[in-house]
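What follows is a single structure, written as structure tokens, with notes after it.
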Amino acid sequence: MLSKRNPQLNKNGELIHLLSIEGLPRAVVSHILDTASTFLSVNDREVKKVPLLRGKSLFNLFFENSTRTRTTFEIAAKRLSADVINLDIAKSSASKGESLLDTIANLSAMQADMFVVRHSESGAPYLIAQHCAPHVHVVNAGDGRHAHPTQGLLDMYTIRHFKKDFTQLSVAIVGDIVHSRVARSDIHALTTLGVPDIRAVGPKTLVPGDLAQMGVRVCHNMEEGIRGADVIIMLRLQNERMSGGMLPSAGEYFKSYGLTPEKLALAKPDCIVMHPGPINRGVEIDSAVADGSHSVILPQVTFGIAVRMAVMSIIAGNEA
Amino acid sequence: MLSKRNPQLNKNGELIHLLSIEGLPRAVVSHILDTASTFLSVNDREVKKVPLLRGKSLFNLFFENSTRTRTTFEIAAKRLSADVINLDIAKSSASKGESLLDTIANLSAMQADMFVVRHSESGAPYLIAQHCAPHVHVVNAGDGRHAHPTQGLLDMYTIRHFKKDFTQLSVAIVGDIVHSRVARSDIHALTTLGVPDIRAVGPKTLVPGDLAQMGVRVCHNMEEGIRGADVIIMLRLQNERMSGGMLPSAGEYFKSYGLTPEKLALAKPDCIVMHPGPINRGVEIDSAVADGSHSVILPQVTFGIAVRMAVMSIIAGNEA
Amino acid sequence: MLSKRNPQLNKNGELIHLLSIEGLPRAVVSHILDTASTFLSVNDREVKKVPLLRGKSLFNLFFENSTRTRTTFEIAAKRLSADVINLDIAKSSASKGESLLDTIANLSAMQADMFVVRHSESGAPYLIAQHCAPHVHVVNAGDGRHAHPTQGLLDMYTIRHFKKDFTQLSVAIVGDIVHSRVARSDIHALTTLGVPDIRAVGPKTLVPGDLAQMGVRVCHNMEEGIRGADVIIMLRLQNERMSGGMLPSAGEYFKSYGLTPEKLALAKPDCIVMHPGPINRGVEIDSAVADGSHSVILPQVTFGIAVRMAVMSIIAGNEA
Numbered sequence: 127m128l129s130k131r132n133p134q135l136n137k138n139g140e141l142i143h144l145l146s147i148e149g150l151p152r153a154v155v156s157h158i159l160d161t162a163s164t165f166l167s168v169n170d171r172e173v174k175k176v177p178l179l180r181g182k183s184l185f186n187l188f189f190e191n192s193t194r195t196r197t198t199f200e201i202a203a204k205r206l207s208a209d210v211i212n213l214d215i216a217k218s219s220a221s222k223g224e225s226l227l228d229t230i231a232n233l234s235a236m237q238a239d240m241f242v243v244r245h246s247e248s249g250a251p252y253l254i255a256q257h258c259a260p261h262v263h264v265v266n267a268g269d270g271r272h273a274h275p276t277q278g279l280l281d282m283y284t285i286r287h288f289k290k291d292f293t294q295l296s297v298a299i300v301g302d303i304v305h306s307r308v309a310r311s312d313i314h315a316l317t318t319l320g321v322p323d324i325r326a327v328g329p330k331t332l333v334p335g336d337l338a339q340m341g342v343r344v345c346h347n348m349e350e351g352i353r354g355a356d357v358i359i360m361l362r363l364q365n366e367r368m369s370g371g372m373l374p375s376a377g378e379y380f381k382s383y384g385l386t387p388e389k390l391a392l393a394k395p396d397c398i399v400m401h402p403g404p405i406n407r408g409v410e411i412d413s414a415v416a417d418g419s420h421s422v423i424l425p426q427v428t429f430g431i432a433v434r435m436a437v438m439s440i441i442a443g444n445e446a
Numbered sequence: 127m128l129s130k131r132n133p134q135l136n137k138n139g140e141l142i143h144l145l146s147i148e149g150l151p152r153a154v155v156s157h158i159l160d161t162a163s164t165f166l167s168v169n170d171r172e173v174k175k176v177p178l179l180r181g182k183s184l185f186n187l188f189f190e191n192s193t194r195t196r197t198t199f200e201i202a203a204k205r206l207s208a209d210v211i212n213l214d215i216a217k218s219s220a221s222k223g224e225s226l227l228d229t230i231a232n233l234s235a236m237q238a239d240m241f242v243v244r245h246s247e248s249g250a251p252y253l254i255a256q257h258c259a260p261h262v263h264v265v266n267a268g269d270g271r272h273a274h275p276t277q278g279l280l281d282m283y284t285i286r287h288f289k290k291d292f293t294q295l296s297v298a299i300v301g302d303i304v305h306s307r308v309a310r311s312d313i314h315a316l317t318t319l320g321v322p323d324i325r326a327v328g329p330k331t332l333v334p335g336d337l338a339q340m341g342v343r344v345c346h347n348m349e350e351g352i353r354g355a356d357v358i359i360m361l362r363l364q365n366e367r368m369s370g371g372m373l374p375s376a377g378e379y380f381k382s383y384g385l386t387p388e389k390l391a392l393a394k395p396d397c398i399v400m401h402p403g404p405i406n407r408g409v410e411i412d413s414a415v416a417d418g419s420h421s422v423i424l425p426q427v428t429f430g431i432a433v434r435m436a437v438m439s440i441i442a443g444n445e446a
Numbered sequence: 127m128l129s130k131r132n133p134q135l136n137k138n139g140e141l142i143h144l145l146s147i148e149g150l151p152r153a154v155v156s157h158i159l160d161t162a163s164t165f166l167s168v169n170d171r172e173v174k175k176v177p178l179l180r181g182k183s184l185f186n187l188f189f190e191n192s193t194r195t196r197t198t199f200e201i202a203a204k205r206l207s208a209d210v211i212n213l214d215i216a217k218s219s220a221s222k223g224e225s226l227l228d229t230i231a232n233l234s235a236m237q238a239d240m241f242v243v244r245h246s247e248s249g250a251p252y253l254i255a256q257h258c259a260p261h262v263h264v265v266n267a268g269d270g271r272h273a274h275p276t277q278g279l280l281d282m283y284t285i286r287h288f289k290k291d292f293t294q295l296s297v298a299i300v301g302d303i304v305h306s307r308v309a310r311s312d313i314h315a316l317t318t319l320g321v322p323d324i325r326a327v328g329p330k331t332l333v334p335g336d337l338a339q340m341g342v343r344v345c346h347n348m349e350e351g352i353r354g355a356d357v358i359i360m361l362r363l364q365n366e367r368m369s370g371g372m373l374p375s376a377g378e379y380f381k382s383y384g385l386t387p388e389k390l391a392l393a394k395p396d397c398i399v400m401h402p403g404p405i406n407r408g409v410e411i412d413s414a415v416a417d418g419s420h421s422v423i424l425p426q427v428t429f430g431i432a433v434r435m436a437v438m439s440i441i442a443g444n445e446a
């Protein structure tokens, strides 16, 4: 049974936590995207609120700091009328030597309804989902190098919005694949949704060789990697990669793997360019591309709110 | 007249601030616990909100940092539909050299309705209650070594929930009594509610000799202190006590005063074990006890939300 | 056309951003003050909320830290039923090397409705207003030395409340005029509202000579500057001015420019004393004056909430 293998689903196969896109049935992913579509219209209304989570308490537990991602969850939750509690968790109990599971047990006892968790350790949201009270739902907002499922889902929403059909697409993911939880979540989602041609593009130090077994084509040459692509997903280059000796310099990287109008011309004429943000102009992407007509980077942000509203409202409606 | 001696009560003897349990009439304490009982059911409802404080502005003024306690007040206030303003007060006006009373006067002028105050100086909430505008209510969320009245009240709620009648109980408070505002608040509350046998248990360096005049029996021997107890309240051992030379080591402390299953066997068979959290496993309490069937540590957290809702709704309803 | 020269107004001359008082027509300023008057009564009600901004998302973008000012905007927005998102912007994207305009574009894409911006660079709110999406409204909460328009407006509200008619008044602004965005905003507002006698009082190092062209009389002598004044606006002396060699010492400054009861006796008998806070007792103002019967410093704070509610509700109701 699926529910035994996947802690995200209850015994009816319904989503109760969102921990990873890996292992989610295509129907569940599609249901999230369909629901997000209805919320997108809420965000266009004069009063951008629906009462779906009224009286629910959502805790933002960001063990790893990320103001931007926390903000998107906070907005999404408030538009669902939830009460949002932001915990500055790094300053808090952790510093008093309390264990992660004791912290979680305590917050559960405050009758929390949902934890949105970001953590530098891969798997932390799983541990929390396994140990929290049955009435609590967990959303993974990024764990180590493992997964960033709401980013993966908003990327899928974006692709579906602009391309409609997944089953004919070529998608290139470019950059620091090895350290990227976004890339991992995107690859799982694209595979689940039936994308036939997924390419991982970047230097050998940043693109793992074992991606082939995930059905991904590895390209160390940028021009080859994006040729004929319908979708290009650029990844953010972390500065620490360059100081860590894995890369020569930002300038060298940009020359080989930065997305310029010239390189973009190799892709399909109606190719869309995505990026999880924040972008490094002149490092992984040229300003002319970031601000150009192929870029859908800002629509990704807008869709991200609706996708997070969809995830939260779906899991809150299902019982463990 | 009571109101002259106790700034917490108005001239009708009604609660307008909660500063300390000391001096509160038993009827007021019981009224808080009865009210909390009604809120506990609110917290179990699908929509956990009541509109009692709608449109009221509650300011969390934590001059001393405590994410956990602040969070419990924030949740309680939001469930009462209040607007909650968290002031990072340490970073704020204080650093501009403004006096405490000028800060308070300014916040009062913003038409605050309630201040929840934590301060490292004993008595700071009294000072604030004396000087703030008459429409503002003050709740002490812990001041120096003096008092932590909502913790005391939630401890009483917990005891009443599990033991019903206070007048037949033996209650042992174990640990660092001398530095503990929780212990002081608990002792006042237990006395007010008619508990006949209160014991303060710990090493001589941590248990003051003058407790006898408060009607408390001092025990420097743990086994003697908890024998036959109905309730054991374990206190958190602050790490700084050990580095400060007041104690030999965590291991030595645990050997003498840590609550293990073996020691717990000396108490009544239906004894409950409490702790204000966060717990130090293996320092003041063994994991087998913290997670065992006698432990009511997590119910304390749940009751704490209801008790804080009760305190806030009661004082907001009474005029100075 | 006004709208071409003033980015704060739409083509109908309606307020869509509040960036500066400079260039605002007197009718717009009066409309804000009249609207604030209606909100003042909201703040006295049992339920201090109106649903004018329900479902709107307001972002507090404080690139320069100011807990007090942020709090006043947060309270004002919550009383209008808006959802408030506080961004700890210094810790956030800026540290990831993202540009101001990319941050703003991203937040706009989250379907923000309003940005309240404080920034150490003069003009930053203008830049944001020029580049954000058309549905977003911008309020300047203080930019560099340039402007602090809501402070200016609440000062005008205060003067109008106590003095009724602007056209007969003598107003003295005392202190560090050169570094003060409050002084600049006050001077523009007083001029717009027809105050015939505006005086800038302070030492030569702190009072610019070119104020004369703004229709302001410069006085380096305090006694002369406040003689016969109806209104005295004291400015806060920043500590860094004294360490920077621009002033001898706090004691010397107080002797020359501190407002004492003796100096105040030179003003009109019904003179009001204002200060934007936080006050430095014994530096720019004597405690006897700050706490005395002429002081309207705390009413300024109360009026400030109503004025901010007025500004936000007016701009949110007008389309770009």
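Chains as they are written, first to last, in our numbering: chain A, 127 to 446; chain F, 127 to 446; chain W, 127 to 446.
Yeah, the Cβ is synthetic: ideal placement off N, Cα and C, and Gly gets one too.
Under the 9 Å criterion on CB atoms, A:R194 is classed as interfacial with respect to chain W. Chain W places a beta carbon closer than 9 Å to that of F:R180, counting this residue as a contact. A:H420 counts as buried, since at least 16 other C-beta atoms from the protein chains shown sit within 10 angstroms of its C-beta. For the segment 224 to 235 of chain A, the set of residues with a beta-carbon nearer than 7 Å to any beta-carbon of chain F comprises E224, D228, A231, N232 and A235, in chain order. Close partners of W:I398 in chain F (Cβ separation under 8 Å) are lacking, with about 15 Å as the shortest Cβ gap. Counting only unbroken stretches of 4 or more residues, the alpha helix (DSSP H) elements lying wholly within the segment 260 to 336 of chain A are 275 to 289 and 307 to 318, in sequence order.
The beta carbon of W:L178 sits closer than 6 Å to the beta carbons of L206 and S439 from its chain, once the five residues preceding and following it are set aside; these are given in chain order. Of the candidates F:Y283, F:H157, F:H272 and F:I405, the residue whose Cα lies closest to the Cα of A:L226 is F:I405.
Residue-level contact by beta carbon fails for F:Q339 and chain W, as no gap is shorter than 9 Å. One thing to note: W:L184 has its Cβ within 9 Å of the Cβ of W:V242. About 26 Å separates the beta carbons of A:L279 and A:V409, which is beyond the 8 Å limit, so they are not a contact pair. Annotation for W:S413: no beta strand (DSSP E) segment contains it, though the alpha helix (DSSP H) segment containing it runs S413 to A416. For W:D209, the three-state secondary structure derived from DSSP is strand.
Around the beta-carbon of W:T293, fewer than 16 other beta-carbon atoms lie within 10 Å, marking it exposed. Within the segment 357 to 410 of chain W, the complete beta strand (DSSP E) runs of at least 3 residues fall at 357 to 360 and 398 to 400. The Cβ-Cβ distance between W:I398 and W:D336 does not fall below 9 Å. For F:M348, the enclosing alpha helix (DSSP H) begins and ends at M348 to I352. Between F:H274 and F:V308 a beta carbon distance of about 5 Å is seen, short of the 8 Å cut, so the two are scored as contacting. Distance from F:Y252 to F:P329 at the Cβ level is roughly 31 Å; contact not present, criterion being Cβ atoms closer than 8 Å. For W:K204, the closest alpha carbon among the candidates W:E445, W:A436 and W:A446 is that of W:A436. For A:P334 against A:I303, the beta-carbon gap comes to about 7 Å, under 8 Å, which counts as contact. Only those residues of the segment 246 to 272 of chain A whose C-beta falls short of 7 Å from the nearest C-beta of chain F would be listed, and there are none.
Residue range M240 to H245 is occupied by the beta strand (DSSP E) that includes W:V243.
In its chain, beyond the 5 residues on either side, E349, I352 and R353 have a beta carbon closer than 7 Å to the beta carbon of W:L392. Each of A:M236, A:A153 and A:R194 was checked against the Cα of A:A259, and the nearest Cα belongs to A:M236.
Put simply, the CB of F:K174 is near chain A, with a gap under 9 Å to one of its CB atoms. Its chain contains V357 as the residues whose beta carbon lies nearer than 6 Å to that of W:I285, once the 5 sequence neighbours on both sides are disregarded; these appear in chain order.
For the C-beta of W:I201, not a single chain A residue is nearer than 9 Å; the gap to the nearest is close to 17 Å.
Identification of chain A residues near W:D412 by a Cβ-Cβ cut-off of 9 Å yields none; the smallest Cβ-Cβ distance measures about 39 Å. Pairing A:M282 with A:L316, the inter-Cα distance amounts to about 7 Å.
The secondary-structure analysis by DSSP pairs F:R196 with nothing; it has no beta-bridge partner. Around the beta carbon of W:T164, fewer than 16 other beta carbons sit within 10 angstroms, so the residue counts as exposed. The beta-carbon of F:G430 is placed less than 9 Å from the nearest beta-carbon of chain A. The three-state reading of DSSP puts F:S234 in helix, counting H, G and I together.
One Cα belongs to W:S248, the other to W:Q277, and the distance between them is close to 16 Å.
At a cut-off of 9 Å between beta carbons, F:R307 makes no contact with chain A.
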